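Student:
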Amino acid sequence: MSTSCKLKVVNLAKSFTLHTLGGVRVHGFSGINFSLPKGQLLALSGPSGAGKSSILKTIYRSYLASDGSALFHRSDGSQVDLVTCTESRVLDLRRREIGFVTQFLKILPRVSALDTVARPLVEIGMPADEARTRAEDTLRRLAIRPELFPLSPLTFSGGEQQRVNIARGIIAPKELLLLDEPTASLDEKSSNTVLDMLAELKQQGIAMVAIFHDQKKIDRIADICVPVEREQ
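Next up, the structure:
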């Protein structure tokens, strides 16, 4: 497995300005440093409120960093600082190279579970029939019953929606995946299946930054653990 660096984060920090409260600044996180090699999973650990989700959103550029850099090493040998690059470059990287998987499903109404999961494959050029077959296999593996495939996931239980969201997020994995509590609210069997799938992605060379609150899951899947402390 290659150990070439995929993401290097240096002194990353984020504070929030509350304009509705007279410009009060609220600390998010600061001093985050790590190097993530290709084919490894880095877990962010720490208490609720420490800023772990904000770190993922800052790397993804949903939030603008207050300081530091996040150097993304592309497969063509070039390097992009996700903190300072243009919005158009960020959007292009999201389409092609950087993915974000949350525990919350956001989709268009009336789109079936099967098409929801197949769509990322179709978007990269896979024929629709082949994409749907792959989607069926992935949904079955995550214990989504076949009779649910034609239905909108918006009608599913919370756990089922989360599994559909994970399936959609990893079926056509990008070079860097950011995962915000991908096993939250899942039962033990489903959680173990997700961890097995993440281990397979590592074998494919996918680099991942993930948040888990269960130390046992971190011990099982993470190659690197970065503690995030809540500001006192």
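Residues in the sequence shown are numbered consecutively from 46, following our numbering. All residues carry an ideal CB built from backbone N, CA and C; glycine is no exception. Everything numeric in this text was worked out from a predicted model, so none of it was measured.
1) Here's the rule: buried if 16 or more other CB atoms are within 10 angstroms of the residue's CB, otherwise exposed. What is lysine 261?
2) Out of Ile215, Leu223 and Phe257, which has the shortest C-alpha to C-alpha gap to leucine 231?
3) What first and last residue would you give for the alpha helix (DSSP H) that runs through arginine 140?
4) Kindly list the residues whose CB is nearer than 7 Å to the CB of threonine 62, restricted to its own chain and excluding five residues on each side of it in sequence; keep chain order.
5) For methionine 253, which three-state DSSP category applies?
6) Short check: CB of valine 146 to CB of leucine 224, under 8 Å?
7) Use the C-beta contact count for isoleucine 143: other C-beta atoms within 10 angstroms, 16 or more gives buried, fewer gives exposed.
8) Would histidine 118 be called buried (16 or more neighbouring beta carbons within 10 Å of its own) or exposed?
9) Please name the residue, chosen from Cys130, Arg275 and Gly203, that lies closest to alanine 229 on a Cα-to-Cα basis.
10) Among Ala188, Pro82 and Leu136, whose alpha-carbon lies nearest the alpha-carbon of glutamine 249?
11) For lysine 102 and leucine 109, I'd like the C-alpha separation in whole angstroms.
12) So, for lysine 53: in the same chain, excluding its five sequence neighbours on each side, which residues have a beta-carbon less than 6 Å away from its beta-carbon?
13) Can you tell me whether proline 165 is helix, strand or coil according to DSSP?
14) Between which two residues does the alpha helix (DSSP H) holding arginine 190 run?
Tutor: Short version:
1) Taking the first residue of the sequence shown as position 1, residue 261 is located at position 216. With fewer than 16 Cβ atoms within 10 Å of its Cβ, lysine 261 is classed as exposed.
2) Here residue 231 is taken as the residue at index 186 of the sequence shown, counted from 1. That would be Phe257, whose Cα lies nearest to the Cα of leucine 231.
3) Locating residue 140 in the sequence shown gives position 95, where the first residue counts as 1. It spans 132 to 141 - the alpha helix (DSSP H) in which arginine 140 sits, taken as one unbroken run.
4) Here residue 62 refers to the residue found at position 17 when the sequence shown is read from its first residue. Cβ neighbours of threonine 62 beyond the five flanking positions: Gly68 and Arg70.
5) On the sequence shown, residue 253 is found 208 positions in, with the first residue counted as 1. Looking at methionine 253 - three-state DSSP - the assignment turns out to be strand.
6) Locating residue 146 in the sequence shown gives position 101, where the first residue counts as 1. Locating residue 224 in the sequence shown gives position 179, where the first residue counts as 1. Yes; because the gap between Cβ atoms is below 8 Å, this pair is in contact.
7) The residue you call residue 143 lines up with position 98 of the sequence shown. By the neighbour-count rule (16 or more Cβ atoms within 10 Å), isoleucine 143 is buried.
8) Residue numbering aside, residue 118 sits at position 73 when the sequence shown is read from its first letter. By the neighbour-count rule (16 or more Cβ atoms within 10 Å), histidine 118 is buried.
9) As a working note, residue 229 is residue 184 in the sequence shown. The option with the nearest alpha carbon to alanine 229 is Gly203.
10) Position 204 of the sequence shown, counting from 1, holds the residue named residue 249. For glutamine 249, the nearest C-alpha among the options comes from Pro82.
11) Position 57 of the sequence shown holds residue 102. Position 64 of the sequence shown holds residue 109. Computed Cα separation, rounded: 9 Å.
12) Walking along the sequence shown from the start, residue 53 turns up at place 8. The residues are Ser80 and Leu116.
13) Within the sequence shown, residue 165 is the residue found at index 120, counting from 1. Residue state, collapsed to three classes: helix.
14) For the purposes of this step, residue 190 is taken as residue 145 along the sequence shown, with counting starting at 1. Taken as a continuous stretch (DSSP letters only), arginine 190 belongs to no alpha helix (DSSP H), as it is neither H nor E.
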